[in-house]
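Residue numbers (our numbering): 506 to 640. Just so you know, even glycine gets a beta-carbon here, dropped at the ideal spot from N, CA and C. No experiment lies behind these values; they were computed from the predicted model shown. These notes are about the structure you will find just below.
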């Protein structure tokens with residue numbers, strides 16, 4: 506049976522998300538937590554608004570996600586030096602350690618999901634998905 510692009514992408518995304526969620530469970534984080542940790546790792550401290558924009562999360566989901574990360578000691582909120590009305594979120598040492606572990610898990614899951622593909626096929630898939638997203 507042939508599928509259109511939308512259903513195929515949804516199924517692929519769901520398969521990857523389910524595998525990633527299961528692998529992250531021992532670290533007591535979810536994919537949305539990983540997204541925040543990843544963005545803080547790559548870009549440094551950011552406002553909640555910036556994190557929402559970078560992860561595609563709405564304001565209430567981002568607030569809940571940061572609350573959960575803060576309760577686990579993985580991030581802290583601080584008032585911005587330039588605008589005290591704005592909270593800046595930054596990684597703690599524990600957050601950096603948890604991110605490093607989660608990044609290893611992400612690489613393992615990625616390898617498992619694409620184990621049936623050759624290196625060239627993996628590269629082609631990434632290339633075509635990036636082209637699709639950039640169009």
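Residue 629 is bridged by DSSP to nothing; it lacks a bridge partner. Just measuring C-alpha positions, the residue of 631, 577, 554 sitting nearest residue 615 is 631.
As DSSP reads the structure, residue 615 sits in no beta bridge. Per DSSP, the continuous beta strand (DSSP E) segment holding residue 596 begins and ends at 592–596. For residue 539, same chain residues with a beta-carbon under 6 Å away, outside a window of 5 residues either side, are 607 in chain order. Burial check for residue 637: the Cβ neighbour count within 10 Å stays below 16, so the residue is exposed.
The alpha-carbon separation between residue 590 and residue 561 amounts to approximately 22 Å. Comparing alpha-carbon positions, the option among 542, 597, 512 lying closest to residue 583 turns out to be 597. One alpha carbon belongs to residue 612, the other to residue 529, and they sit about 12 Å apart.
At the C-beta level, residue 570 and residue 519 stay beyond 8 Å of one another.
In the three-state reduction of the DSSP assignment, residue 552 falls in the strand class, which pools E and B.
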